[in-house]
Structures are given as structure tokens and as C-alpha cells.
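Residue numbers (my numbering): 77 to 463. Taking it in order: structure first as C-alpha cells, then the write-up.
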Ligand code: ADP
Ligand code: MG
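Structural data, given as C-alpha cells:
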């Protein structure tokens, strides 16, 4: 008689196998979930793409850039120009909490963001065929505690257990393996869809310290798209096609030019085109703005010797950014060729893998903002000074 022999330890092994800890870059424009296994780090595909547009559809409305609302007061949002009028019209405040009106319903902004986390979770579980619960999530270096808590709450609402929050620039630097070097000063230049962030990091005794930060919350690739659209409208005397349609073509031509010197598209039967020289000219004022912020942030760091600059964010695929940095900062080396869209998520995934495997290579991220406790009347007592 043949016995079906199974090793009882096998099923036990399955049970005790720790869930991998994944990494999430919750971006203003695009979000990514990534997975790390030893030397391999990869982004999970979502509808065949690796980036999930951070846009949430609620019935007949679309909410984009919800991350921009985090940590802001109702008055700040309504008086500022960092969110669209569509969002402003739907925004609603109750007991200091922000909601978006959707017909008769009101939806808390963390609930809206949780839909992005939820999509990332389901897609990761589908691809990896395991329950994905634990995650490392990245947040901008300038986020204060309430803003960070909102990111954490959004992830929790989607069923995630956030084991660590990591500053976006620290995550990018960590992915480069800069943590293994004893000392060094680095710059992270991050130009996304709607925001520009620059951070100076000093690596000392196994910890990244964010020494100075700068940026512009209303400067990004979207502005370049609008400028290209204005240019195209004039150059080709485009009929009054709606703006969002022309913006879409503008973005498409811009993307094509990162691998070519000439790009064309067809809009309502008409051929439109853009050359690299034209794009360089159009993007120049925006890139110049990033360069002056970069100079100021370097100046404020009081650091003079840098081991390198890391380019992060989809917009750094613009060829003219590399040229401009090389020309203006000839002594600062542009580091490696890592995918600027994914490096932040990859750093978080690498950190997740190391946490799950209890590797000694643990990263300590140092808070760039002062920490404090709020006393009665809103006075903040600083416990730890910012650098
Ligand atoms: P965020 O951090 O705000 O979520 P991303 O880092 O995903 O943003 O960057 C999105 C921006 O990158 C968009 O403006 C997009 O047009 C731009 N981008 C993506 N690919 C390219 C490319 N090949 N050339 C120029 N810009 C690009
Ligand atoms: Mg980003």
C-alpha cells in the first residue's frame, strides 16, 4: 500500500512565512506599489501600466491631486490656487474635517485617497497571489504630523498596516544604496506632475538627515503641458478644441520627445508637431524656476561638497533638465540611471524587504520638522528643534 507522505512542517512553513512588506509611493499625480525580493525590485502592473494615475472617480465626478488637500485647512485651500475650482466647489468642512460632496453623500478626503490604496492593494494581491497587508509608505519631506497621519489613515482604510512612513527623498537615496556609505551629502531633485521638491540629505552614522528642503507646490510637468498647449494652439491655429483635449496631445508630444528630436500627432485630422528645440524653449522658464529654488536650498544647507544629485519624478525625463543641471552645477555629479518614476516606490519596497527580513541594514530617517506638543490655545511647545 502506498502512503501519501507529506511533511507536516511544510504547511507550518506556509503559515509562519511572513507576508512581504511592500512599498508604496502615494503620489499627487501617479501612485505605485512595488515589491522587492532579494536583488529584484519591481513595480506591480496596473492595467498593463506601472503607474496608477492618482485620480478617483466618484459617481460622475473625478477627484485628482487629493494629496494636496492633506494637512491643509479649508480656508487655506479656498484662498490658495493649488487645487482646481472643481475641487473647491465640492469641498466641504465639518468639525474641522474636510469632505468632498458627491450628490447627497459627503466623503472624507482620507476615504477618497483610500480608494487609490485599495486599487494598489487589489492589484498587488492579484499579481502576487498572497495577502498584501504590510506596507512602507512614502510621504513628502515637508509633511507635518497631521498630514502624515492622513496618509496613514487612508492606507489603513484600504486594509493596509503601515509599518513605516519614509520621506520621499530619503527613499530615493536609500534605493541607490547610499545608506551603505559612511558619510556623504546628496541632493534629491524631484519634479513631478504638479509639484517640485528639492532636499539636501546628509548621511551620517547610518542615518539620513534632511538638512534643508525647498520647493514649489504649484510647479510641475502639468504647467509645461499647458504652455505647450498654448504654443500648439498658436502655431497650428487650432480651432477652439477644448483645452483638456489639447493638453492631452501636448503631454503626448512632450513624452515622445524624451526619446526623439521631433514628435507629431494628429488632432481632428490635422497633423501637429513639436521639436526638441521648441520644447526646450517652452520649458525653460519652468526649469529656471527649479534651478533658483535648487540654488537657494543648497545655500541654506550650508553644505559645499556634494557626492551627487538624484533625479526623481517623471518630469526629470525632460532632456533639458539634465543639460541645465550639468551646466549650472558642473561640480555636482548626476547619479546613475534609475527610473525616475519608480525610484521612490522602489526605496520603500527595499526598506520593506529589509524590515521583513530583519536585515541589519535598517534605515533611520530623521524628521526635518520640529516636533512639539500642542498646548491649550494652539500654542506649540517645541520638544525637538528642527535643524
Ligand atoms: P507625482 O510625484 O506628482 O505623482 P510623477 O513623478 O509621476 O508625479 O510625474 C508625473 C509627471 O511626469 C507628469 O507631468 C508627466 O507628464 C511627466 N512625465 C512622465 N514621463 C515623461 C517624459 N517621458 N517626458 C517628460 N515628462 C514626463
Ligand atoms: Mg512623486
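Cβ coordinates follow ideal geometry from the N, Cα and C atoms, glycine included.
By the neighbour-count criterion, in which a residue is buried when 16 or more other Cβ atoms sit within 10 angstroms of its Cβ, residue 361 is exposed.
Beta-bridge pairing by DSSP links residue 237 to 210. For the options 296, 278 and 431, the alpha carbon positioned closest to that of residue 249 is the one of 278. In the three-state DSSP reduction, residue 420 falls in the helix class (H, G or I).
Distances taken from the Cβ of residue 323 to the heavy atoms of the ligand ADP include none shorter than 7 Å. For residue 133, the enclosing beta strand (DSSP E) covers residues 131-134.
Considering only 194, 153, 195 and 157, the residue with the shortest C-alpha distance to residue 175 is 153.
Taking 7 Å as the cut-off, one finds no heavy atom of the ligand ADP near enough to the beta carbon of residue 294. A distance criterion of 7 Å places the beta-carbon of residue 393 in contact range of the ligand ADP, judged by its closest non-hydrogen atom. Inclusion of residue 268 in the 7 Å shell around the ligand MG follows from its C-beta lying nearer than that to a non-hydrogen atom of the ligand.
Of the candidates 355, 337 and 312, 355 places its Cα closest to the Cα of residue 327. At the C-beta level, residue 110 and residue 405 stay beyond 8 Å of one another. Leaving aside the five residues that flank residue 226 on each side, the residues in its chain whose CB is nearer than 6 Å to its CB run, in chain order, 146 and 186. Scanning 282, 410, 131 and 433 for the CA closest to the CA of residue 269 turns up 131. Residue 425 has its alpha-carbon roughly 20 Å from the corresponding atom of residue 229. With a threshold of 16 other beta carbon atoms within 10 Å, residue 308 meets it and is buried. For the pair residue 233 and residue 160, the Cα-to-Cα distance works out to about 25 Å.
Per DSSP, the continuous alpha helix (DSSP H) segment holding residue 297 begins and ends at 297-311. The three-state reading of DSSP puts residue 284 in strand, counting E and B together. Selection 374, 266, 263 and 210 evaluated against residue 241 yields 210 as nearest (Cα-Cα).
Secondary structure note for residue 171: it is in no alpha helix (DSSP H), with a DSSP letter that is neither H nor E. In the structure shown, residue 114 falls within a coil segment according to DSSP collapsed to helix, strand and coil.
The closest CA to that of residue 392, considering only 264, 143 and 285, is found on 264. Counting C-beta pairs with one atom in each stretch, the segment 295-307 and the segment 400-415 have fewer than three that are closer than 8 Å, which means they do not touch. Taking C-alpha positions only, residue 120 is separated from residue 276 by approximately 30 Å. Under the three-state reduction of DSSP, residue 252 is assigned to coil, being neither helix nor strand. Between the alpha carbons of residue 191 and residue 149 lies a gap of roughly 22 Å. The DSSP-derived three-state label of residue 261 is strand. Residues of the same chain with a CB within less than 6 Å of the CB of residue 231, apart from the 5 flanking positions on each side, are 193, 213 and 238 in chain order.
Judged by DSSP secondary structure, residue 349 falls within the beta strand (DSSP E) whose first and last residues are 346-351. Rounded to whole angstroms, residue 359 and residue 134 show a C-alpha spacing of 34 Å. Per the C-alpha coordinates, the member of 419, 331 and 303 positioned closest to residue 319 is 303. Short of 8 Å from the beta carbon of residue 381, and not among the five residues preceding or following it, lie these beta carbons of its own chain, in chain order: 261.
In this structure, residue 411 and residue 384 form a Cβ contact; the two beta carbons are roughly 4 Å apart against a cut-off of 8 Å. Bounds of any beta strand (DSSP E) do not take in residue 126, whose DSSP letter is neither H nor E. Residue environment: residue 189 is assigned as buried (16 or more neighbouring CB atoms within 10 Å of its CB, all protein chains considered).
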